[in-house]
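Okay, so here's the structure we're looking at.
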Amino acid sequence: MKKVFSMMVAGATGGLIVLIGLLSVGNYMPDSQVGKDVHLTAFEGVVKDNARYLPDDFTAAADLAMPAVVHISVKESESLAQSRRRDLDRRDPFSFFFGDDFFGNPRGR
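The numbering of the sequence shown is our numbering, which starts it at 27 and goes up by one.
Here it is in structure tokens:
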């Protein structure tokens, strides 16, 4: 019972400290901003009816911006892919923190 009461007193004391701190720092907004309606939008002149005039696709803009063709092709041999998968399967999760020899060098290096 004594421990429960001491925990309740500690909790109430901590709550009071937080409440006093919030009340002392709570008015952090400058007085010039209080009561004013400030609109910080970049869309002030936009009408919703203008949305129907937007283009359906951007192919014309893309043609004007940069006429370029990019083709990326990657190939990997089956043996290289299998060896990479085997290396990942045998990977030690602790090697980043403790080095490769954490479990007594199980890979035989």
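Just so you know, even glycine gets a beta-carbon here, dropped at the ideal spot from N, CA and C.
In the structure shown, the three-state DSSP call for Lys28 is helix. In this structure, the alpha-carbon of Phe31 lies about 30 Å from that of Val51. Where Asp89 is concerned, the enclosing alpha helix (DSSP H) starts and stops at 85-91. Rounded to the nearest whole angstrom, the C-alpha separation of Asp83 and Val96 is 20 Å.
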